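There are 2 protein chains.
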Amino acid sequence: MSVDLDRRGFVLAAGGAIAASAIGPSALAQTAGRKVGYAIVGLGGYGLGQIIPQFKNCEHSRLVALVSGDPAKAKRVAAQYGVPESGIYNYENYDSIRDNPDIDIVYVCLPVSMHAEYTIRAAKAGKHVLCEKPMALSSKECEAMIAACRQAGKKLMIGYRCHFEPFNLEAIRRARAGEIGKLRYFRSEHGYTAGDPTAWRLKKAMSGGGSIMDIGIYALQAARYMTGEEPVAVYAKETTDRKDPRFREVEDMIEFQLEFPSGVIGSCMSMYSANRNQVLLMGDKGRIELEPATNYSGQRLWVGKGRENEITPPQGPGKNQFAGQLDHLAQCVLENRTPIVPGEEGLRDIRIIEAVYQSAREKRRIALKA
Amino acid sequence: MSVDLDRRGFVLAAGGAIAASAIGPSALAQTAGRKVGYAIVGLGGYGLGQIIPQFKNCEHSRLVALVSGDPAKAKRVAAQYGVPESGIYNYENYDSIRDNPDIDIVYVCLPVSMHAEYTIRAAKAGKHVLCEKPMALSSKECEAMIAACRQAGKKLMIGYRCHFEPFNLEAIRRARAGEIGKLRYFRSEHGYTAGDPTAWRLKKAMSGGGSIMDIGIYALQAARYMTGEEPVAVYAKETTDRKDPRFREVEDMIEFQLEFPSGVIGSCMSMYSANRNQVLLMGDKGRIELEPATNYSGQRLWVGKGRENEITPPQGPGKNQFAGQLDHLAQCVLENRTPIVPGEEGLRDIRIIEAVYQSAREKRRIALKA
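Chains V and R are the protein sequences, given in the same order. Under UniProt numbering, the first sequence is numbered contiguously, ending at residue 370. Under UniProt numbering, the second sequence is numbered contiguously, ending at residue 370.
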């Protein structure tokens, strides 16, 4: 076990280090050839478009089941990806996954309002869970999810793929190594232009909130993993054109400032009305910039006084961040380890987001509990 | 009089438009050949290094007097720039400038703590005043300066040179023309690495405060002239290492958020421990970026979705921002017009800075009076 964990438990090992070191020789021998089986719950844009195609890039993970409310779609996807008909489930017979020994992990790729229910049902069915971000509608739901998995003796991981993304890992490594001196300031802007007003992401009952739940959470996550600190207070200001049909129920833009114990200030902007994806760390000796920072691909990284020194990092822990994420939980299952982004990590973000909303509503600084 | 003023009075005319339109044909005829005489008060880095060399680039301004506490330096500079010995003053005989008819305008390039006194004495001596930013130590001082100039019937302008800088003018013009759609978000980071701990800028009694008074004020000014709005509330967070010998008396970093009536959020960072000079305007159809934004020279401007479209603006109102600024007040004197950046503009910034400090101190949002 030589994985280097920093004080927040972020795996700093680059390249194949996680894969190589996470499993000792004896464990590797025991699990040689064994691929952990995933059931994907939800065949929407993310599950179908991003996750399912990644199993071919995995070393320790395989797709064994699908859960969908659309039988024809499920059948088509199953045929395309070699999932047996016996691995096709719907939301009614979902609990019978307990009888399918091929399924080790359930990956919940559903609207946020369904995360808690389908995570808890998976745990009760004796399965480990990978749940997409944001973890749930509320911290109360997150706590219930953690409790259910703990009670069932099952692992719970949140789909924070950037923890497996080489440019982000390299930026963290260089920040921790002191390459920009003492870190003073973190800034991130994350946004995209929301389209269809009928999308579930724009319905509060399904999404739990607007841009911060969906895209601003990347800025919040990055503020925490880049600084390696937990914020002690937040202040936020929301601005939304409520006459815009997209934003009748959820916020468009919300700016939030995070106070960190060391004195680092985190300044984050989340938006549904502009495209933006960047991270800046400013130290007293230079800066680290990522733009795009957290996209599915195409990341760029600069370290120095400006953008004169562009960095190409070593390969991350998987063929890409998606495969790295899938294989990480698979390895945790094989090895009985705790994932680096467990349920508690998702809960922390939701608690901070709740404080951000409270701050915007009450127009005051909200202190966060340690 | 065809100068286009927007609602905040920002001169949007580009190129030579200000010079050409500000003075009608008859006025031009009357003032043909007449150059307005400036006395420079303070032969420090800015007055001597930046301002005095610019008179050769002016059309309507000439250097006629110097005020300095160092007679040898004053004599040397006078000889170099063709100022007669009769135009050399010190801080004791300063008030006798009233007897020098060559002096129309006094340009106060002194530490902030001396701005009010030397502005008021100039007005009492019957001279117009150009005073460097920040205008003074406090809004109370600013009010006294405005009152003194008003009482003397003299003009008062603040040295906000960016209002004469072509890249900034072009950015404003394009933002107002709707090139990035509806403006939603303004962000600016301004900072540099402070050096010598004994510098007057780091002594609170002389500077009035730290980075925001010196460099962060550019972010504040830009937030106002770029949006064309006045903020209605501020929230600020300071972070300073008080053990650093540079920061025993004044702040290092201060982040401040501005709320604008239209819903635009302004996010500004001011710092004395990192080099940064940039402005970003984000609209629902694109963005405008300036980096560096407010340096003495070397500005760059991008308009579009990212940085693919770099803009070279038309020539500004002078050979450069310094000459444009000097000639603007000269023309205002010749033409009896109010400068576009009068004392009231400096007062507005100081009032907002006072609210920023109050917010940081009291850890709460401060509403600004209209």
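The beta carbon of each residue, even a glycine, is placed where N, CA and C say it ideally should be. Small disclaimer: the values here were computed from a predicted structure and weren't measured.
> Which whole runs of the beta strand (DSSP E) in the region 181 to 253 of chain R are 3 residues long or more, in chain order?
Replying inline: 183 to 193 and 233 to 239
>> Here's the rule: buried if 16 or more other CB atoms are within 10 angstroms of the residue's CB, otherwise exposed. What is Glu310 (chain R)?
In response: exposed
>> Could you compute how far the alpha carbon of Gly266 (chain V) sits from the alpha carbon of Asp252 (chain R)?
In response: So the alpha carbons of these two residues sit roughly 16 Å apart.
>> What ranges does the alpha helix (DSSP H) occupy inside the region 255 to 310 of chain V, keeping only unbroken runs of at least 4 residues that lie completely in it?
In response: none
> Thinking C-alpha only, which one of R:Thr294, R:Ala125 and R:Arg248 is nearest Met226 (chain R)?
Replying inline: R:Thr294
> So, is the C-beta of Gln325 (chain V) closer than 8 Å to a C-beta in chain R?
Replying inline: no
> What are the start and end residues of each continuous alpha helix (DSSP H) run of 4 or more residues lying completely inside the region 55 to 138 of chain R, in chain order?
Replying inline: 71 to 81 and 115 to 124
>> Which residues in chain R have a C-beta closer than 7 Å to the C-beta of Glu255 (chain V)? List them in chain order.
In response: Gln257, Ile265 and Ser267
> With 8 Å set as the bound, which would you pick, yes or no: does the beta-carbon of Met282 (chain R) sit closer than that to a beta-carbon of chain V?
Replying inline: yes
> Residues of chain V with a CB under 9 Å from the CB of Asn277 (chain R): which are they?
Replying inline: In chain order: nothing, as chain V lies at least about 11 Å away.
> Does any CB atom of chain R fall closer than 8 Å to the CB of Thr294 (chain V)?
Replying inline: So, not an interface residue.
>> For Glu289 (chain V) and Leu290 (chain R), what's the separation of their Cα atoms in angstroms?
In response: 17 Å
> Is Arg365 (chain R) close to chain V, meaning its C-beta is less than 8 Å from at least one C-beta of that chain?
Replying inline: yes
> Going along the region 202 to 227 of chain V in order, which residues come within less than 8 Å of chain R, judged by CB to CB distance?
Replying inline: none
> Skipping 5 residues on each side, what residues in its chain have a beta carbon closer than 6 Å to that of Lys154 (chain V)?
Replying inline: Ala123 and His128
>> Tell me the DSSP secondary structure of Ile340 (chain V) in three-state form.
In response: coil
> Can the beta-carbon of Leu202 (chain R) be found closer than 8 Å to that of Val250 (chain R)?
Replying inline: Note that the C-beta distance between Leu202 (chain R) and Val250 (chain R) is below 8 Å.
>> Counting C-beta neighbours from all protein chains within 10 Å, is the total for Val232 (chain V) 16 or more, i.e. buried, or is it exposed?
In response: Val232 (chain V) comes out exposed.
>> Can you check which of these residues, V:Arg34, V:Val303, V:Glu92 and V:Leu334, is closest to Ala175 (chain V) by C-alpha distance?
In response: V:Val303
>> Quick check on Glu141 (chain V): buried or exposed, where buried means 16 or more other Cβ atoms within 10 Å of its Cβ?
In response: Here Glu141 (chain V) is buried: its Cβ has 16 or more other Cβ atoms, across all protein chains shown, within 10 Å.
> Under 8 Å, do Gly286 (chain R) and Gly181 (chain R) count as touching if we go by C-beta distance?
Replying inline: Yes, these two residues count as a Cβ contact at 8 Å.
>> Residues of chain R with CB closer than 9 Å to the CB of Lys305 (chain V), please, in chain order.
In response: Going along chain R in sequence order, the residues near Lys305 (chain V) (Cβ under 9 Å) are Asn275.
>> Helix, strand or coil, according to DSSP, for Ala370 (chain R) in the structure here?
In response: coil
> Are any of the Cβ atoms in chain R nearer than 8 Å to that of Asp241 (chain V)?
Replying inline: yes
> By DSSP, does Gly178 (chain R) sit in helix, in strand, or in coil?
Replying inline: coil
> In or out: Leu28 (chain R) buried (at least 16 other Cβ within 10 Å) or exposed?
Replying inline: Only weak support exists for where Leu28 (chain R) lies, its pLDDT of 49 falling under 50; the value from the coordinates is given anyway. Under this definition Leu28 (chain R) is an exposed residue.
> Near Ala205 (chain V), which residues of its chain fall below 7 Å by C-beta distance, leaving aside the five closest residues on each side in sequence?
Replying inline: Ser113
> Who are the near neighbours of Asp104 (chain V) in its chain, counting only those whose CB is closer than 8 Å to its CB and skipping five residues on each side?
Replying inline: Val36, Gly37, Tyr38, Lys127, His128, Ala330 and Val333
> Arg161 (chain V) and Gln325 (chain V) look like a contact to me (Cβ under 8 Å); what is the Cβ gap, rounded to whole Å?
Replying inline: 5 Å
> Considering Gly37 (chain V), what are the terminal residues of the beta strand (DSSP E) in which it resides?
Replying inline: Val36 to Val41
> What are the boundary residues of the beta strand (DSSP E) that includes Leu156 (chain V)?
Replying inline: From DSSP, the beta strand (DSSP E) with Leu156 (chain V) extends over Leu156 to Ile158.
> Short check: CB of His328 (chain V) to CB of Pro339 (chain V), under 8 Å?
Replying inline: A contact, by the Cβ cut-off of 8 Å.
> In whole angstroms, what separates the C-alpha of Gly316 (chain R) from that of Tyr296 (chain R)?
Replying inline: 14 Å
>> Is there a Cβ of chain R sitting closer than 8 Å to that of Lys369 (chain V), yes or no?
In response: no
> Quick one: is Lys75 (chain V) near chain R, going by C-beta distance under 8 Å?
Replying inline: no
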